[in-house]
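Have a look at the structure below before the remarks.
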Amino acid sequence: MKRKSDDLHGTNFVFLKRAFPDLIDSIEDGFFGDEPSKGPFVRKTIKFLDGTYMTVFELIETRTGKKKKYQYDWEYQRGKLWKWQNEPHDQ
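Taking the numbering used here, the leading residue of the sequence shown gets -1, the next gets one more, and so forth.
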């Protein structure tokens, strides 16, 4: 069964770190220490043990705890990105 993106709750980063200790080195607030999370805006940097990282942006509906918008950018090689988001784009 395919899940609609408006059914997704905000990420539980504490659970994520505990569930994948052999993959995740750290989860830090903000994008590399800048632009910290505030209110419904969640910004995190996930650093993996292999030296790669992922930046996370989620806009959370405070009443329901569900994601209104999200974007995940994973740098898997220097300068190479994989991007996931819930908004369409031309690229």
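From the three backbone atoms N, C-alpha and C, an ideal C-beta is built for every residue, glycine too.
query = Can you give the Cα-Cα distance for S24 and K42, rounded to whole angstroms?
reply = Take the alpha-carbon of S24 and the one of K42: they are about 10 angstroms apart.
request  = Starting from K15, follow the alpha helix (DSSP H) in both directions and report where the run begins and ends.
outcome  = Going by DSSP, K15 is part of the alpha helix (DSSP H) stretching over F11 to A17.
Nearest to D48 (by Cα), restricted to the options G8, P19 and K81 = Nearest C-alpha to D48: P19.
query = Are K67 and L57 closer than 8 angstroms when you measure CB to CB?
reply = Yes, the Cβ-Cβ distance between K67 and L57 is below 8 angstroms.
request  = Report the three-state DSSP secondary structure of D48 (helix, strand or coil).
outcome  = Of the three classes helix, strand and coil, the one that applies to D48 here is coil, per DSSP.
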